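In our numbering, the protein residues as written are 745 to 814. Virtual Cβ for every residue (Gly too), placed ideally from N, Cα, C. Nothing here was measured: the structure is a model prediction, and the numbers come from that model.
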Amino acid sequence: MAARKPSSPPNLLTLAEVLAELRVSRSTFDTWRTLGTAPKCIKLPNGRIRVHRNDLDAWLSTRAEVAGTV
Numbered sequence: 745m746a747a748r749k750p751s752s753p754p755n756l757l758t759l760a761e762v763l764a765e766l767r768v769s770r771s772t773f774d775t776w777r778t779l780g781t782a783p784k785c786i787k788l789p790n791g792r793i794r795v796h797r798n799d800l801d802a803w804l805s806t807r808a809e810v811a812g813t814v
């Protein structure tokens, strides 16, 4: 019987990694979460926040602007 290969864990980013990539402060990110405009977050049982790489990429792509639009 072949051993089952465990599925790879989801690509979760820590909040520090997200903040560094976006170059924003924790307070800015918290404001975005309050307003409902932050990327989709996962709150772990220990209270820490994680963001799936795919969710962050999707969130960023929805914020792309076409040149000449405001």
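When the five nearest sequence neighbours on each side are left out, the beta carbons in the same chain lying within less than 8 Å of the beta carbon of residue 756 are those of 786, 794, 795, 796 and 797, in order along the chain.
For residue 795, the three-state secondary structure derived from DSSP is strand.
DSSP places residue 758 in the strand class (E or B) of the three-state scheme. Residue 767 is not a Cβ neighbour of residue 759, given a cutoff of 9 Å. For residue 772, the enclosing alpha helix (DSSP H) has its first and last residue at 770–779.
Taking 8 Å as the upper bound for CB-CB distance, residue 801 and residue 784 are not in contact here, some 11 Å apart.
The beta carbon of residue 805 is closer than 8 Å to none in its chain, skipping five residues each way along the sequence.
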